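Those letters in the sequence shown? Residues -23 to -1, 1 to 319, by mature numbering (1 follows the signal peptide of the UniProt record, and there is no 0).
From the three backbone atoms N, C-alpha and C, an ideal C-beta is built for every residue, glycine too.
Bear in mind that the values here come from a model prediction, so they are computed numbers and not experimental data.
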Amino acid sequence: MKSWTFKVAALTLAMSASAGAFAQEVTLRLHQFLPPQGTVPSKALTPWTKKIEEESKGRIKIQMYSSMQLGGTPPQLFDQARDGVVDIVWTLQGYTPGRFPKTEVFELPFIAGLSAEKTSRALWDYVQKNAMDEYKDVHVLALHTHGPGLFHTKQPVTGLESLRGMKIRGGTRVVNNMLVKLGATPVGMPVPAVTEALSKGVLDGTTIPWEVAPALKVQELVKNHTTFAGDRALYVTTFVVAMNKSAYHKLPADLKKVIDDNSGAEFSALIARTQDVGDNAGRDLAVKAGNTITELDKAEVQRWRRTAGAVEADWLKDMKGKNIDGDKLVSEAKALIANYEK
């Protein structure tokens, strides 16, 4: 009888342990640089975390920390994911200049189109084929761009000449080089710093897409916005949602599947769609504020394209120095973008 009782108890304990292992719960910390009301945090990342929780039946919980609440600066986010300081980050590759040279091709002037979603689908495919080595230290969940970048300035920009000498914020080294070639004085800074810099006169203007302007109150701080005729964006910047490799690999197979099912091209496109919708909302606020929106005509845009062409030449020279076939990468990026724009 004692032996039978012992076997039952042992079996019960084993079953409990097995059930406990099966029902493993995981809490992941997601760190990002914008306020929680920002478009991507509120419209993409928060719904995504809820979907993960629902599909895992509550076994995965993702806590989002906004505005660098867990410490550090935006340029440190990628390393925070790599090093396991946090589990997941959303950040700009351009915050760490020169670290993602192959990915930078999407930031070159007049490469991207007007749809963040289409450009982001192209970016996902491009990185899988050409640049995964740049992300070998993390598990990539999404890659995307914002919509067309434009100028938001205190004084109107009506042509190349009027931009000259203006102190303009640029978010990446490619954009900053473009500003130099166009005659502006670039001021590099993470986007959360733009509001204070504009209000204190450190900047005469900034390059950002329409989408991010409301969160930074840009339409209240400047009265002029300059857009570009045609079907190409002046520039875009790239973003990544990256997960710590160890945090991902520690997940049981069924929870990995939940993450996998909600990662990749479609997650990238989801984030990008919020950018496209946010661009319309941001422009509407500028109109309601009575601001002046100047669209440079095609002839003027051609002048900008010729002038900004030197940025691509600089990038190709840089790639050659790294033994990277930059011409091939430009062709690949253009072909993928064109394919999604059909």
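Query: Pro52 to Gly148 span [Cα, whole Å]; Result: 11 Å
Query: Span separating the alpha-carbon of Lys299 from that of Lys234; Result: 37 Å
Query: For Leu5 and Ser43, the rounded distance between their alpha carbons; Result: 14 Å
Query: Close Cβ partners of Glu94 (< 7 Å) along its chain, the five nearest in sequence each way excluded; Result: Ala246, Ala249, Arg250 and Asp253
Query: One or two residues paired with Val217 in a DSSP bridge; Result: Thr68 and Leu120
Query: Val134 in three-state terms, based on DSSP; Result: coil
Query: Own chain partners of Thr135 with C-beta closer than 7 Å, once the 5 adjacent residues on each side are dropped; Result: Thr271
Query: Touch test, the segment 113 to 129 against the segment 213 to 223, Cβ-Cβ under 8 Å, three pairs minimum; Result: yes
Query: Residue from Met143, Glu111 and Val152 with nearest C-alpha to Ala161; Result: Met143
Query: Helix, strand or coil at Leu313 [DSSP, three-state]; Result: helix
Query: Of the listed residues Phe10, Gln70 and Gly75, nearest to Gln46 (C-alpha basis); Result: Phe10
Query: Reference Ile65, options Leu7, Gly35, Asp102 and Thr50, closest by Cα; Result: Leu7
Query: Buried or exposed (CB count within 10 angstroms, at least 16 for buried), Asp60; Result: exposed
Query: Top-ranked residue by Cα proximity to Thr204, from Phe128, Pro169 and Glu277; Result: Phe128
Query: Cα-Cα separation between Phe151 and Arg282, rounded to whole angstroms; Result: The question names Phe, but residue 151 in the sequence shown is Val. The straight-line gap from Cα to Cα measures roughly 15 Å.
Query: Cα-Cα separation, Lys305 to Val199; Result: 40 Å
Query: Short Cβ contact (7 Å threshold) for Gly207 with Val278; Result: yes
Query: Beta-carbon proximity check, Gly90 vs Ile314, cutoff 7 Å; Result: yes
Query: Length of the line joining the Cα atoms of Phe83 and Lys27; Result: 30 Å
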